[in-house]
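Heads up, the thing below is written out as structure tokens.
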Amino acid sequence: MGSRVIIIGGGVMGLSIAENCLRRGMEAVVLDKGPFAREASWAGAGYLDLRSASGVGGAFFALCKKSYDLYPEWTARLKKDSGVDPELLDSGSLDLAFNDEEETAIHRMEANLKTFGFSGQWLSPAQAAQIEPSLSPKVKSAFYLKETRQVRSPRLTRALLQVLQKGKVQLRELEPVDDFLIKGRQVIGVRTPKGVLEGDAVVVASGAWSGSLAEKLDLHLQAKPFRGQVVMFRTKPGTLRHILFSGLQKAFTYLVPRLDGHIFVGSTLEDAGFEKITTPEGMEKLKSGAAKVLPGLSQQLIEDTWAGLRPGSLDGWPYLGRVPGKDGLYWATGHFTHGILLSAVTGQLLAQALAGERPSLDLMPFALDRSPHAAAGI
Ligand SMILES: Cc1cc2nc3c(=O)[nH]c(=O)nc-3n(C[C@H](O)[C@H](O)[C@H](O)COP(=O)(O)OP(=O)(O)OC[C@H]3O[C@@H](n4cnc5c(N)ncnc54)[C@H](O)[C@@H]3O)c2cc1C
Numbered sequence: 000m001g002s003r004v005i006i007i008g009g010g011v012m013g014l015s016i017a018e019n020c021l022r023r024g025m026e027a028v029v030l031d032k033g034p035f036a037r038e039a040s041w042a043g044a045g046y047l048d049l050r051s052a053s054g055v056g057g058a059f060f061a062l063c064k065k066s067y068d069l070y071p072e073w074t075a076r077l078k079k080d081s082g083v084d085p086e087l088l089d090s091g092s093l094d095l096a097f098n099d100e101e102e103t104a105i106h107r108m109e110a111n112l113k114t115f116g117f118s119g120q121w122l123s124p125a126q127a128a129q130i131e132p133s134l135s136p137k138v139k140s141a142f143y144l145k146e147t148r149q150v151r152s153p154r155l156t157r158a159l160l161q162v163l164q165k166g167k168v169q170l171r172e173l174e175p176v177d178d179f180l181i182k183g184r185q186v187i188g189v190r191t192p193k194g195v196l197e198g199d200a201v202v203v204a205s206g207a208w209s210g211s212l213a214e215k216l217d218l219h220l221q222a223k224p225f226r227g228q229v230v231m232f233r234t235k236p237g238t239l240r241h242i243l244f245s246g247l248q249k250a251f252t253y254l255v256p257r258l259d260g261h262i263f264v265g266s267t268l269e270d271a272g273f274e275k276i277t278t279p280e281g282m283e284k285l286k287s288g289a290a291k292v293l294p295g296l297s298q299q300l301i302e303d304t305w306a307g308l309r310p311g312s313l314d315g316w317p318y319l320g321r322v323p324g325k326d327g328l329y330w331a332t333g334h335f336t337h338g339i340l341l342s343a344v345t346g347q348l349l350a351q352a353l354a355g356e357r358p359s360l361d362l363m364p365f366a367l368d369r370s371p372h373a374a375a376g377i
């Protein structure tokens with residue numbers, strides 16, 4: 000068992016792992032190159048979705064479902080212990096079809112969901128308009144799924160940070176990890192510009208930046224960033240109640256309504272390196288995609304726009320658990336488009352592995368040296 004755990008990265012993964020370690024009475028230190036939780040975990044929409052995972056199936060769906068199931072208890076506890084409400088909402092979602100091709104794709108998703116025991120409901124345009132009066136009249140049909148949830152990720156990480164502070168976990172921001180301390184096969188600590196830090200275990204949870212740390216260890220890991228751009232509208236609370244999904248592939252757009260009336264419109268999926276910027280094309284895609292489903296939105300105020308970097312992996316499945324051939328080293332990156340959803344289970348599984356317990360799910364499918372699985376994504 001690692002009694003002092005060094006966690007590299009203070010996004011939702013690193014913080015969730017630290018919180019699970021704290022609950023087991025283990026000492027944790029979290030280091031971040033920047034301020035905590037200001038990268039992908041701040042930028043993300045936070046919809047907790049089993050729709051897309053149902054198309055991947057198998058161990059990936061099981062991981063997503065376990066995390067989805069952990070959320071109510073996890074966020075209730077965090078809210079109680081921190082006083083910050085992560086705003087877990089059972090919003091439900093509507094997949095909107097504007098033509099036959101989109102309807103066929105949604106039917107395929109419905110069939111996938113059925114294999115896992117989830118059944119939604121098809122709504123006519125009139126039925127859809129009854130529950131979402133601002134919807135475009137051009138919608139051909141809508142598929143309602145009550146299980147789709149959302150959490151507000153900046154609030155989730157704020158709650159986690161409060162709990163960690165109260166638990167006296169060492170939180171060291173603006174301190175990048177540059178290298179590892181290694182003795183034989185054993186990773187015994189990390190090096191930062193402030194000096195060296197030794198521990199019994201080191202966890203890499205550095206999101207889209209984990210590739211450069213992998214190189215230091217001669218690990219050949221696919222770990223590149225995928226940019227997502229976002230537009231945040233400000234509307235009256237209640238303008239939209241359900242999460243909306245619309246469009247196929249490059250035209251895919253989603254709208255996530257917050258309790259206070261903000262509507263999060265996402266997102267592009269771009270292979271653009273570490274260039275974390277919005278572009279005129281990205282903004283246009285999101286604004287026109289949103290106006291297509293909710294025409295009134297074009298008259299509403301755009302409060303903010305931003306971009307974030309999703310941590311990519313070989314196949315969109317995360318890398319989780321011990322690193323073969325490197326004792327004391329653990330990995331928790333590559334959560335790609337599902338990282339907010341997967342943060343609850345990632346914290347639990349990593350803390351179990353660090354404590355020498357048997358993880359509650361088999362980690363083999365998420366091994367760093369696996370062969371690629373069927374790709375998971377948006
Ligand atoms: C636009 C957008 C929309 C999204 N929507 C959703 C969604 O609806 N649902 C969902 O489940 N997921 C969503 N995601 C994905 C999700 O946000 C990510 O998968 C998740 O936040 C990854 O968390 P992380 O902690 O691994 O990475 P990050 O939050 O990026 O954290 C990594 C941290 O590591 C730090 N770091 C990096 N290198 C070092 C180093 N050398 N030393 C110290 N610290 C270091 C960074 O500064 C950073 O704080 C979305 C992502 C984006 C960008």
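In numbering that gives the first Met the number 0, the protein residues as written are 0 to 377. Each residue gets a CB set at the ideal place from its N, CA and C atoms; glycine is no exception.
- At a threshold of 7 Å, residue 332 counts as near ligand 1, since its beta carbon sits closer than that to one of the ligand's heavy atoms.
- Scanning the segment 24–84 from its first residue to its last, the whole beta strand (DSSP E) runs of 3-plus residues come out as 26–30.
- Excluding residues up to 5 positions away in sequence, 51, 251, 268, 336 lie with their Cβ nearer than 7 Å to the Cβ of residue 377 in the same chain.
- Put simply, the segment 20–36 touches the segment 343–354. At least three CB pairs are less than 8 Å apart.
- Collapsing the DSSP output to three states places residue 286 in a helix.
- Look at residue 339: its beta carbon is less than 7 Å from one of the heavy atoms in ligand 1.
- Going by beta carbons, residue 289 and residue 296 fall inside the 8 Å limit.
- Look at the beta carbons and you see the segment 43–57 touching the segment 106–113: at least three pairs across the two are nearer than 8 Å.
- The three-state reading of DSSP puts residue 256 in strand, counting E and B together.
- Counting only runs of 4 or more residues that sit fully inside the segment 104–166, the alpha helix (DSSP H) segments are 124–130, 152–165, in chain order.
- For the options 93, 293, 34, the alpha carbon positioned closest to that of residue 121 is the one of 93.
- In the DSSP assignment, residue 248 falls outside any beta strand (DSSP E), carrying neither H nor E.
- In this structure, the alpha-carbon of residue 262 lies about 34 Å from that of residue 174.
- Per DSSP, the continuous alpha helix (DSSP H) segment holding residue 211 begins and ends at 209–215.
- The DSSP assignment places complete beta strand (DSSP E) segments of no fewer than 3 residues inside the segment 282–363 at 300–310, 318–322, 325–332, in order along the chain.
- Residue 272 carries a coil assignment under DSSP once its states are collapsed to helix, strand and coil.
- A buried status is given to residue 31, since no fewer than 16 other beta-carbon atoms sit within 10 Å of its beta-carbon.
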